[in-house]
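S.K.: Just so you know, the protein sequences line up as chains A and B, in that order.
Mapping of the first sequence onto my numbering: position 12 corresponds to residue 12, and the numbering continues sequentially without gaps.
Here my numbering = 1-based position in the second sequence + 190.
First, the structure itself, so that you have it in front of you.
Protein chains: 2
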Amino acid sequence: MNDNLIKHIRKHIDLSDSETMILSKYVEQSSYKRKEFVMQENSDCKSLFFVEKGCLRMYFINEKAVEQIVQFALDSWWISDLKSFINNTPSDYYIQTIENSIITSINSEQLEQLLTEIPKLERYFRIIMQQELAAAQFKSKLMYEMSKEDLYNHFVTSFPEFIQRVPQYMIASYLGLTPEYVSGLRKKKL
Amino acid sequence: MNDNLIKHIRKHIDLSDSETMILSKYVEQSSYKRKEFVMQENSDCKSLFFVEKGCLRMYFINEKAVEQIVQFALDSWWISDLKSFINNTPSDYYIQTIENSIITSINSEQLEQLLTEIPKLERYFRIIMQQELAAAQFKSKLMYEMSKEDLYNHFVTSFPEFIQRVPQYMIASYLGLTPEYVSGLRKKKL
DNA sequence: CGCGGGTTTGATGATGCTCAAGCCCGGTGG
DNA sequence: CCACCGGGCTTGAGCATCATCAAACCCGCG
């Protein structure tokens, strides 16, 4: 049993050991091998996923039938399709591991019950949502203001750990670029 | 005193009249004329803004010195620069009215105090943040998958009310287009 | 009537995509 | 231990999309 989620929660609110026990009744933890699916398109499993350890990507298939990555998640990050989660509708996305990973998940009914039992977790999730929204706003700003070349260079220098763990063509996809174009950029930088 | 915020909160949680009184001690409401600034770049006023009535835009100035709009807000929407709000750092953005508007705002210290006095508001703000994040994810998906032409057409048919209230060049900016390009698209559709 | 914000026009050009092919390298089976 | 296979990365030619720039136009408002 990996307890990064507990640690993460305790960064934001106090959580007694008995509350921790209650929490563990509502969440589910499992291991995935590289390239396994945590969530499939059209699945009815509407959950929030917490990466205890590992690396995930969330993507959809566009009209040209190619995978379009919209988000990565590394250790101690939450990831989910919130539209689907909130409305309880099928998701357009796939969530898949990039490395062997350990994931803790909670679906919407479980979350509701958990929040009734431990209301102060509302605060934790408010803070998480707030942070994720801040991150989304920031990414959006970068995509508005930067040329594709600058976007790539900025990403490489800002998140060097990704370059180690994630293949180039996935980074390209995430940034809205083609693998060929990224290849050209790398050549140019030498 | 406009009470759309109260109504909005009551859609999500119960709020007694006495709690409403407490709430009103922490928030601030004011009217703005068309084109007034609700927040200036580099200001230290780190607040969440709720549009009781009216229409706002949030934008920054890019390296070519042109305004880049990243978000609109109509009646009963929240808007803010969360990165600045969370970290208490100066904002890169301007928030300005497009029409005469009534805005209710709350800054981060006030919010913290309010949440201590009425903890169940944590739930309300969690839900709001969740919804905003869902909206941000959805917009991001559209910008990944659609051509600029499709983006514009989709926006026009999905949000006809904006076309009435917001000048074309602002819509163009929000969608990452030039006014000239949008002009060309409209001509083409006749 | 004149001013100014917003929109339109059209010519020119850059950015970054498409497509097809080849290459590199690590893993697997013979 | 070598040969092959395949996923990922690279190359280059051709091209589409959309931005840029400068100018004119339109129209509501003072």
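Ideal Cβ positions, reconstructed from N, Cα and C, are used throughout, including at glycine.
Around the Cβ of lysine 35 of chain A, are there at least 16 other Cβ atoms within 10 angstroms (buried) or fewer (exposed)?
M.R.: Along the first sequence, one-based indexing puts residue 35 of chain A at 35. Result: exposed.
S.K.: May I have a chain-ordered list of the beta strand (DSSP E) segments no shorter than 3 residues that lie completely inside the region 347-378 of chain B?
M.R.: DSSP runs (the beta strand (DSSP E)) wholly in the region 347-378 of chain B: none.
S.K.: Counting C-beta neighbours from all protein chains within 10 Å, is the total for aspartate 150 of chain A 16 or more, i.e. buried, or is it exposed?
M.R.: Taking the first residue of the first sequence as position 1, residue 150 of chain A is located at position 150. So aspartate 150 of chain A counts as exposed.
S.K.: Buried or exposed: which applies to isoleucine 353 of chain B, given that a residue is buried once 16 or more other Cβ atoms fall within 10 Å of its Cβ?
M.R.: Position 163 of the second sequence, counting from 1, holds the residue named residue 353 of chain B. Classification for isoleucine 353 of chain B: exposed.
S.K.: Is the shortest distance between the beta-carbon of asparagine 252 of chain B and the beta-carbons of chain A less than 9 Å?
M.R.: Taking the second sequence and counting its residues from 1, the one referred to as residue 252 of chain B is at position 62. So, interface residue.
S.K.: The beta strand (DSSP E) that contains asparagine 107 of chain A, what's its start and end?
M.R.: Walking along the first sequence from the start, residue 107 of chain A turns up at place 107. Its beta strand (DSSP E) spans residues 101-107.
S.K.: Please say whether lysine 141 of chain A and aspartate 282 of chain B have beta carbons closer to each other than 9 Å?
M.R.: Indexing the second sequence from 1 puts residue 282 of chain B at position 92. Indexing the first sequence from 1 puts residue 141 of chain A at position 141. Going by C-beta atoms, aspartate 282 of chain B is nearer than 9 Å to lysine 141 of chain A.
S.K.: Please report how far the alpha carbon of serine 363 of chain B lies from the alpha carbon of valine 260 of chain B, in whole angstroms.
M.R.: Position 173 of the second sequence, counting from 1, holds the residue named residue 363 of chain B. Position 70 of the second sequence, counting from 1, holds the residue named residue 260 of chain B. Taking the straight line from one Cα to the other gives about 8 Å.
S.K.: Assign methionine 1 of chain A to one of two classes, buried (16 or more other C-beta atoms within 10 Å of its C-beta) or exposed (fewer than that).
M.R.: On the first sequence, residue 1 of chain A is found 1 positions in, with the first residue counted as 1. The residue is exposed, with fewer than 16 neighbouring Cβ atoms inside 10 Å.
S.K.: Based on Cα-Cα distance, which residue from B:Ser348, B:Pro350, B:Asn343 and B:Met360 lies nearest to lysine 377 of chain B?
M.R.: What you label residue 377 of chain B is simply residue 187 of the second sequence in a count that begins at 1. Comparing Cα-Cα distances from lysine 377 of chain B to each of B:Ser348, B:Pro350, B:Asn343 and B:Met360, the minimum goes to B:Asn343.
S.K.: Using a Cβ-Cβ cut-off of 7 Å (strictly less than) and excluding sequence neighbours within five positions of serine 298 of chain B, which residues of its own chain qualify?
M.R.: In the second sequence, the residue the question calls residue 298 of chain B occupies position 108. Contacts found: Lys236, Phe275 and Asn278.
S.K.: Could you tell me the distance, in whole angstroms, from the CA atom of methionine 333 of chain B to the CA atom of alanine 135 of chain A?
M.R.: Within the second sequence, numbered from 1, the residue matching residue 333 of chain B stands at position 143. Within the first sequence, numbered from 1, the residue matching residue 135 of chain A stands at position 135. Their Cα atoms are separated by approximately 17 Å.
S.K.: Who pairs with isoleucine 69 of chain A in a beta bridge, going by DSSP?
M.R.: Residue 69 of chain A sits at position 69 when you count from the first residue of the first sequence. Answer by DSSP bridge pairing, in chain order: A:Tyr59.
S.K.: Is it the case that the region 243-259 of chain B contacts the region 112-122 of chain A, given that we only count it when at least three CB pairs across the two stretches are under 8 Å?
M.R.: No: fewer than three Cβ pairs fall under 8 Å.
S.K.: Is the shortest distance between the beta-carbon of glutamine 258 of chain B and the beta-carbons of chain A less than 9 Å?
M.R.: For this step, residue 258 of chain B is matched to residue 68 along the second sequence. Closer than 9 Å to some Cβ of chain A, the Cβ of glutamine 258 of chain B qualifies, so yes.
S.K.: For tyrosine 284 of chain B versus glutamate 370 of chain B, is the C-beta distance shorter than 9 Å?
M.R.: Counting from one through the second sequence, the residue named residue 284 of chain B turns up at place 94. Counting from one through the second sequence, the residue named residue 370 of chain B turns up at place 180. Their beta carbons are not under 9 Å apart, which means tyrosine 284 of chain B does not touch glutamate 370 of chain B by this criterion.
S.K.: Starting from the beta carbon of alanine 324 of chain B, find every residue of chain A whose beta carbon is closer than 7 Å, and list them in chain order.
M.R.: Translated into the one-based positions of the second sequence, residue 324 of chain B becomes position 134. Within chain A, the residues near alanine 324 of chain B are Leu82, Lys83 and Ile86.
S.K.: Just to check my reading of the structure: lysine 83 of chain A and phenylalanine 328 of chain B have Cβ atoms closer than 8 Å, yes? What is that Cβ distance to the nearest angstrom?
M.R.: Taking the first residue of the first sequence as 1, we reach residue 83 of chain A at position 83. Taking the first residue of the second sequence as 1, we reach residue 328 of chain B at position 138. Confirmed, about 6 Å.
S.K.: Ignore the nearest five residues each way along the sequence and tell me which others in leucine 15 of chain A's own chain have a CB closer than 6 Å to its CB.
M.R.: Working through the first sequence from its first residue, we reach residue 15 of chain A at position 15. For leucine 15 of chain A, where only same-chain residues beyond five positions count, the Cβ hits under 6 Å are Ile9.
S.K.: Considering just the uninterrupted stretch of the beta strand (DSSP E) at glutamine 286 of chain B, what are its terminal residues?
M.R.: Walking along the second sequence from the start, residue 286 of chain B turns up at place 96. Element bounds for glutamine 286 of chain B: 284-287.
S.K.: The alpha helix (DSSP H) that contains glutamate 28 of chain A, what's its start and end?
M.R.: The sequence position of residue 28 of chain A within the first sequence is 28, counting from 1. Here glutamate 28 of chain A belongs to no alpha helix (DSSP H); instead the beta strand (DSSP E) covers 28-32.
S.K.: Starting from glutamate 312 of chain B and walking both ways along the alpha helix (DSSP H), at which residues does that stretch end?
M.R.: Taking the second sequence and counting its residues from 1, the one referred to as residue 312 of chain B is at position 122. Element bounds for glutamate 312 of chain B: 311-335.
S.K.: Any heavy atom of the ligand FMN closer than 8 Å to the CB of threonine 306 of chain B?
M.R.: With respect to the ligand FMN, the structure offers nothing, as it holds no ligand at all.
S.K.: Cβ of leucine 133 of chain A within 9 Å of Cβ of phenylalanine 125 of chain A?
M.R.: As a working mapping, residue 133 of chain A is identified with position 133 in the first sequence. As a working mapping, residue 125 of chain A is identified with position 125 in the first sequence. No.
S.K.: With 7 Å as the limit, tell me which residues of the region 143-170 of chain A have their beta carbon closer than that to any beta carbon of chain B; keep them in chain order.
M.R.: Result list: Tyr144 and Glu145.
S.K.: Tell me which same chain residues have a C-beta within less than 6 Å of the C-beta of alanine 73 of chain A, skipping the five on either side of it?
M.R.: To locate residue 73 of chain A, count along the first sequence from 1; it is residue 73. Excluding sequence neighbours, alanine 73 of chain A sits near Val51, Leu56 and Ile79.
S.K.: Tell me whether the beta-carbon of valine 38 of chain A lies closer than 9 Å to the beta-carbon of serine 101 of chain A.
M.R.: As a first step, residue 38 of chain A must be located in the first sequence, where it is residue number 38. As a first step, residue 101 of chain A must be located in the first sequence, where it is residue number 101. Yes, the pair counts as a contact, with Cβ atoms nearer than the cut-off.
S.K.: What did DSSP end up calling leucine 48 of chain A once you bin it into helix, strand or coil?
M.R.: Position 48 of the first sequence, counted from the first residue, corresponds to residue 48 of chain A. If DSSP states are grouped into helix, strand and coil, leucine 48 of chain A belongs with the strands.
S.K.: What is the DSSP secondary structure of leucine 15 of chain A, reduced to helix, strand or coil?
M.R.: To locate residue 15 of chain A, count along the first sequence from 1; it is residue 15. DSSP places leucine 15 of chain A in coil when its eight states are reduced to three.
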